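First up is the structure itself, then whatever we jot down about it.
Chains as they are written, first to last, in full-length UniProt numbering: chain G, 1 to 211; chain D, 1 to 211.
Written out as structure tokens, the structure is:
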């Protein structure tokens with residue numbers, strides 16, 4: 001039992017060290033040697049738990065996704081209205097990005113090195129659209145989001161927008177401006193960017209895209 | 001002169017072959033051997049023009065960005081209103097994605113393998129935000145976008161949104177649904193997702209993100 005606990009502690013220290021290494025460097029540049037030094041474990045211990053750099057990076061990605069999903073489920077269980085709950089969730093994710101090396105590492109790996117982790121690249125989007133759709137349906141029942149829209153399409157748009165804002169903030173400022181970008185994202189996403197006076201004169205978007 | 005023309009033609013056939021290879025496979029999986037076979041040139045010819053897989057991939061990325069920028073500049077030079085011009089531009093980019101292996105390859109390389117091409121990853125965002133800001137300013141003068149907004153922030157949001165929609169469409173359907181996704185993007189981005197009845201009761205987004 002003590003042996004199992006030790007093995008577990010070693011595995012944890014390896015994953016946490018990997019989070020530090022993969023959050024500060026690209027996947028291609030990062031080496032298992034650096035993870036060993038950061039974790040203070042032997043090569044044998046590392047290979048006992050993870051048989052490659054890719055397997056270790058995949059564990060970091062899976063945990064980051066798990067942390068994000070748990071935040072989503074926590075917010076879903078709270079009795080808040082749909083729109084404020086979605087805003088609170090985006091804030092919680094931004095806060096995880098700012099405070100957790102593991103979250104930053106998972107995001108870097110799954111976006112910047114998506115080719116390496118292509119097998120698991122699609123599922124997080126599906127999970128997030130499904131969660132977001134529950135918030136959107138709640139907001140529709142509450143009258144805050146127009147029921148004329150398709151809830152699944154609204155959810156897809158919200159997730160695409162959050163992904164794009166996150167990626168842009170990552171590329172331009174390494175997430176330093178994520179709070180500002182989220183603020184304008186919600187303002188524009190909920191209310192649109194058109195002027196009130198132009199309301200009566202909506203462009204026929206479908207025609208503009210299809211003619 | 002004939003020799004120069006031949007060298008130029010060889011270089012072109014290598015770049016077009018690289019577009020086919022890099023659009024169908026991940027950067028890690030693709031090999032220069034496949035590019036050679038696809039182009040029907042010798043290894044010596046390839047290395048005369050490009051000294052590595054990375055240099056060849058970088059050329060594909062640079063050309064894709066150039067094609068996108070040219071579309072942007074073409075639309076800017078036309079006398080259309082700001083909003084319809086932006087919609088037309090997004091349609092033109094979607095059309096390039098659908099029809100051009102070089103464009104698909106450039107997008108795959110610069111997103112899925114962003115870690116390898118990190119040095120050039122930021123500039124396209126800056127170029128696109130600058131171009132988009134010109135359309136937004138035009139739409140503001142025309143009264144279609146509220147002048148209360150900051151044009152640069154609106155442009156940043158539009159580019160983040162387009163990037164996210166493009167990335168999601170790429171990951172989920174290899175761009176098969178890009179037209180549908182663009183349609184809902186413009187609908188929601190211009191008009192917002194909130195119901196009219198909720199208009200009077202706007203949530204204080206800043207407070208929700210900051211408290």
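Ideal placement from N, C-alpha and C gives every residue a C-beta, glycine not left out. Bear in mind the structure is a predicted one, so any value in this text is a computation, not a measurement.
Within chain G, no C-beta atom comes nearer than 9 Å to that of residue 19/D; the closest sits roughly 16 Å away. At a Cβ-Cβ threshold of 7 Å, residue 131/G and residue 156/G do not count as neighbours. For secondary structure counted as the alpha helix (DSSP H) over 4 or more consecutive residues, the region 129-184 of chain D holds these complete runs in sequence order: 151-173. Among the CB atoms of chain G, one or more fall inside 7 Å of the CB of residue 183/D. Cβ neighbours of residue 135/D within its own chain (closer than 6 Å, five residues either side excluded): 82, 85 and 86.
For residue 37/G, DSSP assigns no beta-bridge partner whatsoever. In the three-state scheme derived from DSSP, where H, G and I count as helix and E and B as strand, residue 11/G is classed as helix. Using beta-carbon distances, residue 165/D counts as an interface residue toward chain G, with a partner under 7 Å. The region 64-72 of chain D makes no contact with the region 22-39 of chain D, as fewer than three CB pairs between them are under 8 Å. In this structure, residue 143/D keeps its C-beta atom at 7 Å or more from the C-beta atom of residue 164/G. Here residue 104/D carries a helix assignment [DSSP, helix/strand/coil]. In this structure, residue 53/G places its C-beta atom within 7 Å of the C-beta atom of residue 32/G. Membership of residue 122/D in any alpha helix (DSSP H) is not indicated, and neither H nor E is assigned to it by DSSP. In this structure, the alpha-carbon of residue 21/G lies about 14 Å from that of residue 12/G.
Taking the C-beta atoms as reference points, residue 145/G is found no nearer than 7 Å to residue 183/D. Under the criterion of beta carbons closer than 8 Å, residue 167/D and residue 122/G do not qualify as touching, at roughly 11 Å. For residue 194/D, the beta-bridge partners assigned by DSSP are 145/G. By a beta-carbon distance limit of 8 Å, residue 181/D does not contact residue 195/D. Their separation comes to about 22 Å.
Taking residue 151/G as the centre and dropping the five residues before and after it, the same chain places the C-beta of 133, 136, 137 and 140 closer than 7 Å to its C-beta, in chain order. Unbroken alpha helix (DSSP H) runs of no fewer than 4 residues, entirely contained in the region 39-115 of chain G, are found at 43-49, 53-77, 82-99 and 101-112, following chain order.
For residue 207/G, the enclosing alpha helix (DSSP H) starts and ends at 205-210. The beta carbon of residue 45/D sits closer than 7 Å to those of 10, all from its chain and outside the five residues before and after it, given in chain order. Contact with chain G is absent for residue 60/D, since none of that chain's Cβ atoms lies less than 7 Å from the residue's Cβ. Only residues of its own chain outside the window of five on either side were considered, and among them 27 and 54 have a CB closer than 7 Å to the CB of residue 116/D, listed in chain order. For the pair residue 24/G and residue 59/D, the Cα-to-Cα distance works out to about 27 Å.
Taking the beta carbon of residue 42/G as reference, no residue of chain D falls within 7 Å; the closest one sits roughly 28 Å away. Listed along chain G, the residues sitting closer than 7 Å to residue 115/D by beta-carbon distance are 26, 27, 28, 112 and 113. Taking the Cα of residue 40/G as reference, the smallest distance to any Cα among 57/G, 18/G and 51/G is reached at 18/G. Around the beta carbon of residue 112/D, 16 or more other beta carbons lie within 10 angstroms, which makes this residue buried. Residue 124/G counts as buried, since no fewer than 16 other beta carbons sit within 10 angstroms of its beta carbon. Distances from the CA of residue 57/D to each of 43/D, 104/D and 5/D were compared; the closest alpha carbon is that of 104/D.
Between residue 192/D and residue 192/G a beta carbon distance of about 3 Å is seen, short of the 8 Å cut, so the two are scored as contacting. In the same chain as residue 63/D, and ignoring 5 residues on each side of it, the C-beta atoms closer than 8 Å to its own belong to 15, 102 and 106, in chain order. Across the structure, residue 120/G and residue 186/G are spaced so that their CA atoms are roughly 28 Å apart. About 29 Å separates the CB atoms of residue 94/G and residue 147/G; that is not less than 8 Å, and the two are not in contact.
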